[in-house]
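Protein chains in written order, with the working numbering: chain A, 1 to 322; chain B, 1001 to 1338.
By construction, the Cβ of each residue, glycine as well, lies at the ideal position given by its N, Cα and C atoms.
Each remark here refers to the structure printed beneath this line.
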Amino acid sequence: MTELLKVEHLTTWLATREGVLNAVDDVSFSVHAGRTMALVGESGSGKSMTCLSIMGLLPENGKSGGGRVLFEGEDLLAKNEHEMQQIRGVNIGMILQDPMTALNPLFTIGNQVGEAFYRERLSRAERQTRCIEVLREVGIPAPEERLSAYPHQFSGGMRQRVAIAMNIASRPKLLIADEPTTALDVTVQLQILELLRKIQRQLGMGMILVTHDLHVVSQFCDDVAIMYAGRIVEAGPVDKVFKAPSHPYTKGLLAAVPTIDATVHRLPLVKGNPPSMLQMPDGCRFAPRCDMATDQCRAEYPAWLHFDEDRRVACWRAGEEE
Amino acid sequence: MNEPFVVVNGLKKNYKIRLGMFGGTANLQAVDDLSFEIEEGKTFGLVGESGSGKTTTARLILGAEPATEGTVRIGGQPLNNAKGRVDISLRRIVQPVFQDPYTSLSPRMRIGRIIDEPIRIHGLLHGEKELSHRVSELLEMVGLPQETAKRFPNELSGGQRQRVAIARALAPNPRFIVLDEPVSALDVSIQAQILNLLKDLQEQFKLTYLLISHDLSVVSFMSDRIGVLYLGRFMELGPKSQVLGECTHPYTLILRSAAAPDESTMMAVSGEIPSPLSPPSGCPFNTRCPLADERCRTERPRFKEVGSNHWSACHKTDAVRDMLQSDSEANSYSLNNN
């Protein structure tokens, strides 16, 4: 298993009118070629900011203030904008939640997918052939007729397929998919996830899948990192983490998802709300919502507890009998 | 005479769509012949993809739009009076909660004012003291601290806002609440809190719910009966246990496998929901159905009773049953049309 991306102690700050907030705090994880890592968390937990930090696409008020992002051994945070442009869209692709915002409404599909081939200096005809190939790969019916179509002539699912085509055209080694199916209907969601999995297997890509949907994680991902208030609280292979979650937040999240088979009267739940980024609690950030919190939890952020080499949790009470 | 609390009969809604400047008009049938009943104190879940007519149905039942055809009766009286307007007494007992708590609360009104507005409009209480007492009572019911009344919506989180929207809906003592995607804008942990709250309130006040969602797991957690909508028509309708456990329509089966976390029961379906402007002939689902044959493409299936009070619009109910059976025996099946 080759380690494609290694994020070490990534820390990202955002300057807002209310003050500087720590959107990503000491986040470390690895992505391996041919494997999918799920980044799970609720809104505001720092999932998207982590991805944008990796891509070097932070908003103007954002800054990565520490750590390293090693892509094939090279630190992306140390690269300048020009160097990053050689990597983005070539070696690392990124798919966004809403395909309408990722596509330019004023240009045809052929034009936008063809952009991926500009660097190869192909002739017009060659470029067109390659476009048709890659559109066929993502399951667009009759691609030769759709090259001159505009994004608004496509449905949501088809647009997301086009966005995927643009990103895999250059055969990237890593694909970051930020909530790629959230804007789509459930039946279409499955199609897109199946497609991503098929392409990933064909190309042997590493993939980061950002999602809040735990069903998606259990069906499509190999590894998972659960984020809460800017930090990873638990990480490991999906089957191990989901079978025996050890952080109270992971346990709460897994229990709070309604399933169609269960006939429960009330959902077990995590009480309270996530903390404001501006008023982060001392110690463990989950402590105010945690039933097991002790004085130590409230005073000191928990150190990593490693069960195996690939499974870790940040909780003082983990491993204790409840 | 024990009429169910909500009776919807043959509800239809057509929209005339103008096709550009010279294109003339087209007929969009958003809701096509829906009939269902909700018993008092129970929840009816409407599930479907976007464009299936869920929200149109909600708007028709709320009286926000006139129906093209069909009737709605709530609490024994017709929704529209002789002049075709919604009776003021019904407006009080029917209240909505919408999907997005960011746009459904006025940003320039304090929470207290948002909550007491319906009480003022219906003239239920007079005097500031009584109003503010009632507002505190409502805030407590939905689990918000008293000082929330003085704040503005932008100071609250999504979950808190949805609690405010629920408090506002409860303010005029309604008996029937239409919940249009009440949790789909919320995070998982907050979603569970709101769903539990809605269940508690239902028990406490004997409320009747119409719950609309695209998420079958949410619908199944909340509902007593479920209707599965596709292109404005019911595909399947019946008690929750039967629609989910003994489903007879391929579309329900597909939605079910999309909501089930188990990989062995995964079933993908090709294509997307067709445009309601040009619905397919025959069964509306035939373009995507793995079981469709010639008959499905030409003859629209009748809505027929397949179990006690369990209805399905499919020519192939037996084939679906067999599939479900073999699924539970072998615990795996593949239904892709390849």
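Cα-Cα separation, residue i to residue j
i: residue 278(A); j: residue 19(A); result: 7 Å
i: residue 1306(B); j: residue 1248(B); result: 8 Å
i: residue 1263(B); j: residue 219(A); result: In this predicted model, residue 1263(B) has a pLDDT of only 49, less than 50, meaning its place in the structure is not dependable enough to derive any value.
i: residue 1168(B); j: residue 1215(B); result: 25 Å
i: residue 1164(B); j: residue 47(A); result: 28 Å
i: residue 295(A); j: residue 1107(B); result: 39 Å
i: residue 183(A); j: residue 157(A); result: 9 Å
i: residue 290(A); j: residue 284(A); result: 10 Å
i: residue 1204(B); j: residue 1322(B); result: 42 Å
i: residue 1053(B); j: residue 28(A); result: 45 Å
i: residue 1222(B); j: residue 253(A); result: 19 Å
i: residue 1081(B); j: residue 1067(B); result: 13 Å
i: residue 1290(B); j: residue 117(A); result: 37 Å
i: residue 304(A); j: residue 246(A); result: 12 Å
i: residue 66(A); j: residue 171(A); result: 30 Å
i: residue 75(A); j: residue 198(A); result: 29 Å
i: residue 1320(B); j: residue 1250(B); result: 6 Å
i: residue 1189(B); j: residue 53(A); result: 26 Å
i: residue 314(A); j: residue 241(A); result: 13 Å
i: residue 122(A); j: residue 88(A); result: 20 Å
i: residue 1101(B); j: residue 1159(B); result: 8 Å
i: residue 1166(B); j: residue 1135(B); result: 12 Å
i: residue 1121(B); j: residue 196(A); result: 53 Å
i: residue 9(A); j: residue 30(A); result: 11 Å
i: residue 40(A); j: residue 238(A); result: 11 Å
i: residue 1148(B); j: residue 1244(B); result: 40 Å
For residue i, the residue or residues it bridges with in DSSP
i: residue 1093(B); result: The partner list for residue 1093(B) (beta bridge, DSSP) is empty, contrary to what the question assumes.
i: residue 174(A); result: 92(A) and 206(A)
i: residue 247(A); result: Answer is none; residue 247(A) lacks a bridge partner.
i: residue 1305(B); result: 1311(B)
i: residue 1180(B); result: 1212(B)
i: residue 1242(B); result: For residue 1242(B), which the question treats as bridged, DSSP gives no partner whatsoever.
i: residue 1230(B); result: 1233(B)
i: residue 37(A); result: 208(A) and 223(A)
i: residue 237(A); result: 223(A)
i: residue 63(A); result: 13(A)
Extent of the continuous beta strand (DSSP E) run through residue i
i: residue 306(A); result: 305-308
i: residue 3(A); result: 3-16
i: residue 55(A); result: No beta strand (DSSP E) contains residue 55(A), which is instead part of the alpha helix (DSSP H) from 47-55.
i: residue 1018(B); result: 1006-1018
i: residue 1043(B); result: 1043-1047
Residue closest to residue i, alpha-carbon to alpha-carbon, out of the options
i: residue 1311(B); options: 1279(B), 1242(B), 1131(B) and 1029(B); result: 1242(B)
i: residue 1259(B); options: 175(A), 238(A) and 214(A); result: 214(A)
i: residue 190(A); options: 1070(B), 1147(B) and 1272(B); result: 1272(B)
i: residue 1198(B); options: 1213(B), 1189(B) and 1182(B); result: 1182(B)
i: residue 1299(B); options: 1286(B), 1308(B) and 1062(B); result: 1286(B)
i: residue 1278(B); options: 1232(B), 1171(B) and 1301(B); result: 1232(B)
i: residue 21(A); options: 249(A), 316(A), 240(A) and 231(A); result: 231(A)
i: residue 1282(B); options: 1238(B), 1005(B), 1129(B) and 1314(B); result: 1314(B)
i: residue 281(A); options: 302(A), 76(A) and 108(A); result: 302(A)
i: residue 162(A); options: 119(A), 126(A), 107(A) and 202(A); result: 107(A)
i: residue 224(A); options: 9(A), 86(A), 205(A) and 311(A); result: 311(A)
i: residue 90(A); options: 175(A), 102(A), 188(A) and 270(A); result: 175(A)
i: residue 1039(B); options: 1296(B), 1177(B), 1293(B) and 1154(B); result: 1177(B)
i: residue 72(A); options: 32(A), 188(A), 41(A) and 152(A); result: 32(A)
Delimiting residues of the alpha helix (DSSP H) encompassing residue i
i: residue 1251(B); result: 1250-1259
i: residue 1130(B); result: 1128-1141
i: residue 220(A); result: 214-220
i: residue 32(A); result: Counting along the chain, residue 32(A) falls outside any alpha helix (DSSP H), though it belongs to the beta strand (DSSP E) covering 19-32.
i: residue 1191(B); result: 1188-1205
i: residue 83(A); result: 81-87
i: residue 144(A); result: 143-146
i: residue 324(A); result: This structure leaves residue 324(A) out entirely; chain A is present only between 1 and 322.
i: residue 1115(B); result: 1111-1121
i: residue 318(A); result: Where residue 318(A) is concerned, there is no enclosing alpha helix (DSSP H), given that its DSSP letter is neither H nor E.
i: residue 295(A); result: 295-299
i: residue 1294(B); result: 1294-1298
Cβ-Cβ separation, residue j to residue i (assumed contact under 8 Å), whole Å
i: residue 2(A); j: residue 24(A); result: With 8 Å as the limit, residue 2(A) and residue 24(A) do not qualify as a contact, their Cβ atoms being about 25 Å apart.
i: residue 166(A); j: residue 113(A); result: 5 Å
i: residue 1235(B); j: residue 1252(B); result: 7 Å
i: residue 1057(B); j: residue 1034(B); result: 6 Å
i: residue 1220(B); j: residue 260(A); result: 4 Å
i: residue 326(A); j: residue 177(A); result: Lying outside 1 to 322, the shown extent of chain A, residue 326(A) is not represented and no answer is given.
i: residue 1037(B); j: residue 1004(B); result: 4 Å
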